[in-house]
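Residues in the sequence shown are numbered from 3 upward in steps of one, following this note's numbering.
Ideal placement from N, C-alpha and C gives every residue a C-beta, glycine not left out.
Written below as structure tokens is the structure these notes are about.
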Amino acid sequence: MRLRNIFLTASASFMALVSGSCVSLDIEPTKNLREDQVYGNEVGITAALATLYAYLPIAAHNASVVGGINGDNGMPFSIWNNPSVVTGEAEVIPLRVAMAPKSCNGDMLAWWDYSAIRYANLAIKGITANKDKFTGQEKKYNHWLGEAYFCRAFMYFAMVRSYGGVPIVTSAESYVNMTDDELVKPRNTERECYDFIAEDLDKAYELMEENELAAGRANKYIAAGLKARAMLTAACEAKHSSIQLDGLCGISSSEMSRYYKLAYDAACKAMDNGGKYELYNVYNDGTEAGMIKNYWNIFIDESSANKERMFIKEYNAGASTPRPENWTCQQLPYHYSMVTDSGEISPTVEWLLLFDDKNGNPFRLNIGTDSDPVRYDNTQDLFADAQPRLKASVLVPGAEIPGRNGAIFEVRKGIYDSYPGGKLYESASFSEKHPSGMTIQGWCGVGSQMTNGNGCLVWKWVDPSATANFWAGSVDWIEMRYAEILLSKAEAAVNLIGQEVNDRVVTMEDALGPINQIRKRAGTKELATVDEAKVINERRCELAFENRTFWDLKRWRMFESTIQNKTFNALYPYYVVDEGKYIFKLHERTELRYTYDSKSYYAPISSDVIAKSNGAIVQNPGY
């Protein structure tokens, strides 16, 4: 019973496909449902597809309930293994460091689940076999079949980007009369896997309609967007990796252009959507306040006005079957939620410095030196030139908190009587006061378990109106949004300038146009020229804390240059009493030194999988 235990962990019974749904079928109770009883009617197909979506390994933030369309059978994350913490985007507070990852291991976010693949294959087989039962419903039937192909492609992409080549299994065998040798499936090459993913997504695009059948489900443009994401990954593998294990890992550089062209074409198809999807600009009136409000609302506005949301994972704390998220609680300042896990992830100073300012120049923290620090009337003045997108992504010291009726994010590490030479007052207590009467820490403090790590907080995804129960937020996770499509087109285009795609030559403008759409919305100066480095930087700014950066750094082969043996800095504000001014100091977080081993670009395959394959599955290099 070797490969049976690897690939066949799913029951042969179709009961798993319909369990938990209100399905009424006019049949005698049996242990196993027939194929036509599941796939011969809309209720059964909907239940089967719900199972597929629940299996999708979507790297959303924490959720506490499993199951349903876009459930959490995949990869829910906690505060301590959030990808942002190992990509240089964010850090955790010092007292939590023992629980935080200090290395980016190869198996982080890895996913190997052939029971899910089996469910996808069963769905494709079952829906196809029952086509004759849906006369007059051809569009809906085709859409269902397209969803099954989409889900299978999503699953295979999750495996390939982690492991390289994996076994491609397309049949849904009965397994009853098959020998172990017949069940053995060796790994396909990485190139074969990406080509297979492209084929499935092409089928999904052709079969599906423009509109999804329900929230959290796919349509043709989402399929095209996923293809763009996958083909960019394949192109980068061809550009940056070397061939290992006869192609099980790595793709020949000769394939690079082909994959960039596939990515470019897919991104163009996702953009050619008749206005269904576009950048969110509901509140963007050209003012800084409007731009800040606009960008923050991308992640909060779940109305039809938000056309930037494409593929989502729904959370609803108030539903009859609640599916809450707890990201909101973990990111709110402690004094708003009053729970110990608040304010735990803080953006690094290094990430802040990725941004341009309002004028398109590199953003700089003008703080002076320890011996001669710059004085500010208030903490927010340090960020006066920061672009609105930065201020919408994080809470900077002194910022007004959206949705909190003018409340200010008051941050203070300590108080000096005078500077330099005056006495420093520091405390982890919120109540302790300086002789002047001012509390030593700001309302939200810095460096305490109940505060935050470096003076700023991540603000994306946070709904401060969720006051009833901060552990039960309802903010949907956006797995794909339109800005990513623009960035995908730009990245593919900048690697194809001068080459022909779909009977036209790719130009600088094909890369520049999408980037400038994003920068204009962000509130910074548009670019005159663009290269790959600028595209990469723009992507890291735009998609920060969305669990895209982890995979991007992986495909760009940039983990070594980004985190290898590096420490990150915190920003500490202090108040000087005799001057009535604020000063800032950088603090190197030596306790948060990160490491990366280059073998981790490919995750290790489970030893149990290898042992049960009787030699058919070989391990990745270095493990």
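Worksheet item: residue 326: buried (16+ other C-beta within 10 angstroms of its C-beta) or exposed?
Response: In the sequence shown, counting from the first residue as 1, residue 326 sits at position 324. Residue 326 should be labelled buried.
Fill in: Neighbourhood of residue 282 by C-beta distance below 6 Å, restricted to the same chain and skipping five residues each side
Here residue 282 refers to the residue found at position 280 of the sequence shown. Excluding sequence neighbours, residue 282 sits near 300, 308, 310.
Discussion item. For the pair the segment 263-279 and the segment 490-502, tell me if three or more CB-CB distances fall below 8 Å.
Written reply: yes
Worksheet entry | Where the beta strand (DSSP E) through residue 395 begins and ends | Counting from 1 along the sequence shown, the entry for residue 395 is found at position 393. Here residue 395 belongs to no beta strand (DSSP E); instead the alpha helix (DSSP H) covers 390-395.
Discussion item. Can you give me the C-alpha to C-alpha distance between residue 261 and residue 196, rounded to a whole angstrom?
Written reply: Start at 1 with the first residue of the sequence shown, and residue 261 comes out as number 259. Start at 1 with the first residue of the sequence shown, and residue 196 comes out as number 194. So the alpha carbons of these two residues sit roughly 9 Å apart.
Practice prompt. For residue 360, name the three-state secondary structure that DSSP assigns.
Written response: Indexing the sequence shown from 1 puts residue 360 at position 358. In this structure, residue 360 counts as coil in the three-state DSSP scheme.
Discussion item. I need the DSSP call for residue 438, collapsed to helix, strand or coil.
Written reply: Translated into the one-based positions of the sequence shown, residue 438 becomes position 436. In the structure shown, residue 438 sits in coil (DSSP, three-state: anything other than H, G, I, E or B).
Worksheet item: Just reading off the beta strand (DSSP E) that residue 569 is part of, what are its end residues?
Response: One-based indexing of the sequence shown puts residue 569 at position 567. Its beta strand (DSSP E) spans residues 568-578.
Fill in: Meets three-Cβ-pair contact criterion under 8 Å: the segment 132-150 and the segment 616-625
no
Discussion item. Please classify residue 350 as buried or exposed, where buried requires at least 16 other C-beta atoms within 10 Å of its C-beta.
Written reply: The sequence position of residue 350 within the sequence shown is 348, counting from 1. Classification for residue 350: buried.
Discussion item. Tell me which residues share the same chain as residue 378 and place their Cβ nearer than 7 Å to its Cβ, disregarding the 5 neighbours each side in the sequence.
Written reply: Taking the sequence shown and counting its residues from 1, one reaches residue 378 at position 376. Same-chain partners within the cutoff: 384, 583, 584.
Worksheet entry | Of the residues 162, 36, 484, the one placed nearest residue 226, counting alpha carbons only | The count along the sequence shown starts at 1 and reaches residue 226 at position 224. Comparing Cα positions, the closest option is 484.
Worksheet entry | Inter-stretch contact at 8 Å, needing at least 3 Cβ pairs: the segment 568-581 / the segment 593-607 | yes
Practice prompt. Report yes or no: do the segment 119-128 and the segment 149-161 share at least 3 C-beta pairs separated by less than 8 Å?
Written response: yes
Worksheet item: From this set, 143, 209, 387, 253, which residue's C-alpha is nearest residue 163's C-alpha?
Response: The count along the sequence shown starts at 1 and reaches residue 163 at position 161. The candidate whose alpha carbon is nearest that of residue 163 is 253.
Practice prompt. Report the rounded CA-to-CA distance for residue 292 versus residue 524, giving the unit in angstroms.
Written response: Within the sequence shown, the letter at position 290 stands for residue 292. Within the sequence shown, the letter at position 522 stands for residue 524. Answer to the nearest angstrom: the Cα atoms are 11 Å apart.
Worksheet item: How about residue 315 and residue 62: are their beta carbons less than 8 Å apart?
Response: By 1-based counting over the sequence shown, the position of residue 315 is 313. By 1-based counting over the sequence shown, the position of residue 62 is 60. Yes, these two residues count as a Cβ contact at 8 Å.
Fill in: residue 346 versus residue 55 - alpha carbon distance
The count along the sequence shown starts at 1 and reaches residue 346 at position 344. The count along the sequence shown starts at 1 and reaches residue 55 at position 53. About 30 Å.
Worksheet item: Could you give the distance in angstroms between the alpha-carbon of residue 222 and the alpha-carbon of residue 413?
Response: Position 220 of the sequence shown, counted from the first residue, corresponds to residue 222. Position 411 of the sequence shown, counted from the first residue, corresponds to residue 413. Taking the straight line from one Cα to the other gives about 46 Å.
Fill in: DSSP three-state assignment for residue 293, whether helix, strand or coil
Here residue 293 refers to the residue found at position 291 of the sequence shown. Of the three classes helix, strand and coil, the one that applies to residue 293 here is helix, per DSSP.
Discussion item. Here's the rule I'm using: 16 or more other beta-carbon atoms within 10 Å means buried, otherwise exposed. How should residue 214 be labelled?
Written reply: Along the sequence shown, read from residue 1 onward, the residue named residue 214 stands at position 212. Result: buried.
Worksheet item: Secondary structure at residue 488, three-state DSSP: helix, strand or coil?
Response: Within the sequence shown, the letter at position 486 stands for residue 488. Reduced to three states, the DSSP call for residue 488 is helix.
Discussion item. Could you give the first and the last residue of the continuous beta strand (DSSP E) run that contains residue 210?
Written reply: Taking the sequence shown and counting its residues from 1, one reaches residue 210 at position 208. Residue 210 -> no beta strand (DSSP E), and no H or E assigned at all.
Worksheet item: Out of 203, 563, 543, which has the shortest C-alpha to C-alpha gap to residue 364?
Response: Looking up residue 364 in the sequence shown gives position 362. The option with the nearest alpha carbon to residue 364 is 543.
Worksheet item: Among 478, 474, 490, 50, which one has its Cα closest to the Cα of residue 127?
Response: If you number the sequence shown from 1, residue 127 lands on position 125. Nearest option by C-alpha distance: 50.
Worksheet item: Between 618, 475, 553, 399, which lies nearest to residue 89 when the distance is taken from Cα to Cα?
Response: Along the sequence shown, one-based indexing puts residue 89 at 87. Residue 553 is the option with its Cα nearest to residue 89.
Worksheet item: Could you give the C-beta distance for residue 605 and residue 108, rounded to a whole number, given that I count them as a contact under 8 Å?
Response: The residue given as residue 605 occupies position 603 in the sequence shown. The residue given as residue 108 occupies position 106 in the sequence shown. Going by Cβ atoms, the distance from residue 605 to residue 108 rounds to 4 Å, so yes, they are a contact pair.
Practice prompt. Check the DSSP bridge columns for residue 482 and list the partner residues they point to.
Written response: The residue labelled residue 482 in the question sits at position 480 within the sequence shown. According to DSSP, which records beta bridges pairwise, residue 482 is partnered with 313.
Worksheet item: Can you tell which of 173, 189, 210, 188 has its C-alpha closest to the C-alpha of residue 141?
Response: Translated into the one-based positions of the sequence shown, residue 141 becomes position 139. Looking at the Cα atoms, 210 is the closest of the given residues.
Worksheet entry | Spatially closest choice to residue 589 from 600, 578, 580, 573, by CA coordinates | The sequence position of residue 589 within the sequence shown is 587, counting from 1. Out of 600, 578, 580, 573, 573 has the C-alpha closest to the C-alpha of residue 589.
Practice prompt. Evaluate residue 443 with the Cβ neighbour count: other Cβ atoms within 10 Å of its Cβ, from every protein chain shown; 16 or more gives buried, anything less gives exposed.
Written response: As a working mapping, residue 443 is identified with position 441 in the sequence shown. Looking at its Cβ environment, which holds 16 or more other Cβ atoms inside 10 Å, residue 443 is buried.
Item to complete: Provide the residue(s) that pair with residue 626 in DSSP beta bridges, ordered along the chain.
Response: Outside the displayed span of the chain (3 to 625) sits residue 626, for which this structure offers no information.
Worksheet item: When the distance is taken between beta carbons, is residue 192 closer than 8 Å to residue 167?
Response: Locating residue 167 in the sequence shown gives position 165, counting from the first residue. Locating residue 192 in the sequence shown gives position 190, counting from the first residue. Against a cut-off of 8 Å, the Cβ pair of residue 192 and residue 167 comes out as a contact.
Discussion item. One question on the structure: do residue 294 and residue 477 come within less than 8 Å of each other, judged by their Cβ atoms?
Written reply: Sequence index remark: in the sequence shown, residue 294 carries index 292 (1-based). Sequence index remark: in the sequence shown, residue 477 carries index 475 (1-based). Contact flag unset, no.
Worksheet item: Measuring CA to CA, which of 609, 47, 380, 539 is closest to residue 357?
Response: Position 355 of the sequence shown, counting from 1, holds the residue named residue 357. Ranking the options by Cα distance to residue 357, first place goes to 539.
Worksheet entry | residue 614 - containing alpha helix (DSSP H), residue span | Along the sequence shown, one-based indexing puts residue 614 at 612. Element bounds for residue 614: 609-614.
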